[in-house]
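Q:
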Amino acid sequence: MAQSDTVDRILDAAEELFADRGFSETSLRMITSKAKVNLAAVNYHFGSKNALIHAVFARFLTPFSATLEKAFDELEDRCDGKPPTLNQTLWALTESAVRMPQRNEKGISIFMRLLGLAYTQSQGHLRKFLEQEYGDPFSRFMRLLKEATPQLSAVDRYWRIQFMLGATAFTMSSSDALRDILENKLGVETTVQEIAARLVPFLAAGMQAEDTMLIPPAGSKVSVA
């Protein structure tokens, strides 16, 4: 078995098992069984389970980050010194993701599940790895969002970004199931690209929506009509 084939088998198995079971619940023995390799192969190529988790993310994020940086460069060049609009910024991010070469048709949905797990499970080593390796494109995205929403306070922008990321993670990680439901209920077939095309204006509208919520003082009771 060639080295590249061995590595791909391990990464493919780890990616699928981590997405289905979570990081802590997936053992190296499960991965080696699914990949049809021995434990020595995992230790040789990756050294540890944490390093294997990092490699699973890097396989998608390294080329994605390069594609995204190029998309942001092209976008800012087109805007000729003016801040890109929110829609333009979100389209640059979304198009970079959906245009990434996929190893299989479930690639994006699996990765989005993994990304969600990175922030909901206790994986401090992974969050540190992501910040160190991919902090620059993420910081650039945050800067563009801030420039496109000067009317928002820092707190409002923070929460709206979290809501936006949550909606994106749910939609893209569940895209296979959502496509099946749409076809079964309405007889309409759709693609990941079409889902993204519907998602972006929704996210942009949410980020820019007028804030009409009245926040009660801390400790006060809120009556529900």
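If you read the sequence shown in the UniProt record's numbering, its first letter stands for residue 1, the second for the next number, and so on. Glycine is no exception: its CB is placed at the ideal position from the N, C-alpha and C atoms. Note that the structure is a prediction, hence the values are computed from the model and not measured.
#1: Measure the alpha-carbon distance for residue 62 versus residue 190 and round it to whole angstroms.
#2: If we count the other Cβ atoms within 10 Å of its Cβ and call it buried at 16 or more, is residue 20 buried or exposed?
#3: Would you identify the three-state DSSP class for residue 172, choosing helix, strand or coil?
#4: Please list the segments of the beta strand (DSSP E) lying wholly inside the stretch 129-182, counting only runs of 3 or more residues, in order along the chain.
#5: With 16 as the cutoff for other CB atoms within 10 Å, does residue 13 come out buried or exposed?
#6: Identify the continuous alpha helix (DSSP H) that holds residue 81 and give its terminal residues.
#7: When DSSP labels each residue in this structure, what does residue 184 get in the three-state scheme?
#8: Beta-carbon within less than 8 angstroms of residue 171's beta-carbon, same chain only, minus the 5 sequence neighbours each way: which residues are those?
#9: Exposed or buried, residue 39, counting other C-beta atoms within 10 Å across all chains shown (16 or more means buried)?
#10: Check each candidate in 164, 208, 131 and 97 and name the one with the smallest Cα separation from residue 192.
A: Per the coordinate set shown:
#1: 28 angstroms
#2: exposed
#3: helix
#4: none
#5: buried
#6: Residue 81 -> no alpha helix (DSSP H), and no H or E assigned at all.
#7: helix
#8: 178, 195 and 199
#9: exposed
#10: 97
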